[in-house]
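Asker: Following our numbering, the residues of the sequence shown are numbered contiguously, the last one being 178. No residue lacks a Cβ here, since even glycine has one placed at the ideal position from N, Cα and C.
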Amino acid sequence: MRRRRRSEILIKGSSELAQEMFREIEKNYEIKTIEDSHNALVMIKMRESAKNSLFYLGEVLVTEAKIQIDEKFGVGIVRGNKPEFAYWLAVIDAAYNLELEETKKWEEKLFEEEKAIKKLESEKEAEILKTKVNFETMKV
39 MRRRRRSEIL IKGSSELAQE MFREIEKNYE IKTIEDSHNA LVMIKMRESA
89 KNSLFYLGEV LVTEAKIQID EKFGVGIVRG NKPEFAYWLA VIDAAYNLEL
139 EETKKWEEKL FEEEKAIKKL ESEKEAEILK TKVNFETMKV
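1) DSSP has Q106 in a bridge; who is on the other side?
2) Rounded to a whole number of angstroms, what is the C-alpha to C-alpha distance between R207 and K65?
3) What are the boundary residues of the alpha helix (DSSP H) that includes L138?
4) Throw me the rounded Cβ distance for the I69 and I115 pair, which I believe falls under 8 angstroms.
5) Can you tell me the Cβ-Cβ gap for L148 and S45, rounded? I've got them flagged as a contact below 8 angstroms.
6) In whole angstroms, what separates the C-alpha of Y125 from that of E102?
7) With a threshold of 16 other CB atoms inside 10 Å of the CB of I166, please say whether the residue is buried or exposed.
8) Can you tell me where the alpha helix (DSSP H) holding E46 begins and where it ends?
9) Anyone know if the C-beta pair for I105 and V129 falls short of 8 angstroms?
10) Find out if the Cβ-Cβ distance for the pair L92, N77 is shorter than 8 angstroms.
11) From the DSSP output, which residues share a beta bridge with A78?
12) Would the beta-carbon of A56 fall within 8 angstroms of that of F111?
13) By DSSP's criteria, M84 is part of a beta bridge. Which residues make up the other side?
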């Protein structure tokens, strides 16, 4: 599973899953903190559709952390002020970079979490679509 997809599942899904994965690595490996969790501002790029040009929409607050396990690094970045969560994501990232045995067991958990996220999103979308107005059927 690619980093982007894995991170998206961990961020959108239940934080208990990320914490559980972190605890598994924490008890078995030595984690060296390279950069403590800290806040930063990140510019958001958008594409303007008419001219197809990039512009900066604004800034968003993120929390980022960097750690090292053995010789591999891990980075965790999450929107908002969530220092603990950013640290967990960094540890999980390093575990995947090291291709640890524990990561093979996580794949199924991540797929299950992804299914739960998609189900919640489709339920939310269905709820919103209930209020959709069909202008073609309206009489003038």
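Answerer: Inspection of the coordinates gives the following:
1) Start at 1 with the first residue of the sequence shown, and residue 106 comes out as number 68. Q106 pairs with K70 and F111.
2) For residue 207 there is no data in the structure shown, the boundaries of the chain being 39 and 178.
3) In the sequence shown, the residue the question calls residue 138 occupies position 100. Element bounds for L138: n/a, residue is neither H nor E.
4) For the purposes of this step, residue 69 is identified with residue 31 of the sequence shown, where counting begins at 1. For the purposes of this step, residue 115 is identified with residue 77 of the sequence shown, where counting begins at 1. 17 angstroms between Cβ atoms; not a contact.
5) What you label residue 148 is simply residue 110 of the sequence shown in a count that begins at 1. What you label residue 45 is simply residue 7 of the sequence shown in a count that begins at 1. Rounded, the Cβ-Cβ distance is 10 angstroms, inconsistent with contact.
6) Here residue 125 refers to the residue found at position 87 when the sequence shown is read from its first residue. Here residue 102 refers to the residue found at position 64 when the sequence shown is read from its first residue. One C-alpha to the other measures close to 8 angstroms.
7) On the sequence shown, residue 166 is found 128 positions in, with the first residue counted as 1. The residue is exposed, with fewer than 16 neighbouring Cβ atoms inside 10 Å.
8) Locating residue 46 in the sequence shown gives position 8, counting from the first residue. E46 -> alpha helix (DSSP H) spans R41 to K50.
9) Against the sequence shown, residue 105 aligns to sequence position 67. Against the sequence shown, residue 129 aligns to sequence position 91. For the 8 angstroms CB-CB criterion, I105 and V129 form a contact.
10) Stepping through the sequence shown from its first residue, residue 92 is reached at position 54. Stepping through the sequence shown from its first residue, residue 77 is reached at position 39. No, the Cβ-Cβ distance between L92 and N77 is not below 8 angstroms.
11) For this step, residue 78 is matched to residue 40 along the sequence shown. Answer is V100.
12) For the purposes of this step, residue 56 is taken as the residue at position 18 of the sequence shown. For the purposes of this step, residue 111 is taken as the residue at position 73 of the sequence shown. It is not a contact, given that the beta carbons lie outside the stated cut-off.
13) Position 46 of the sequence shown, counting from 1, holds the residue named residue 84. The partner list for M84 (beta bridge, DSSP) reads F93.
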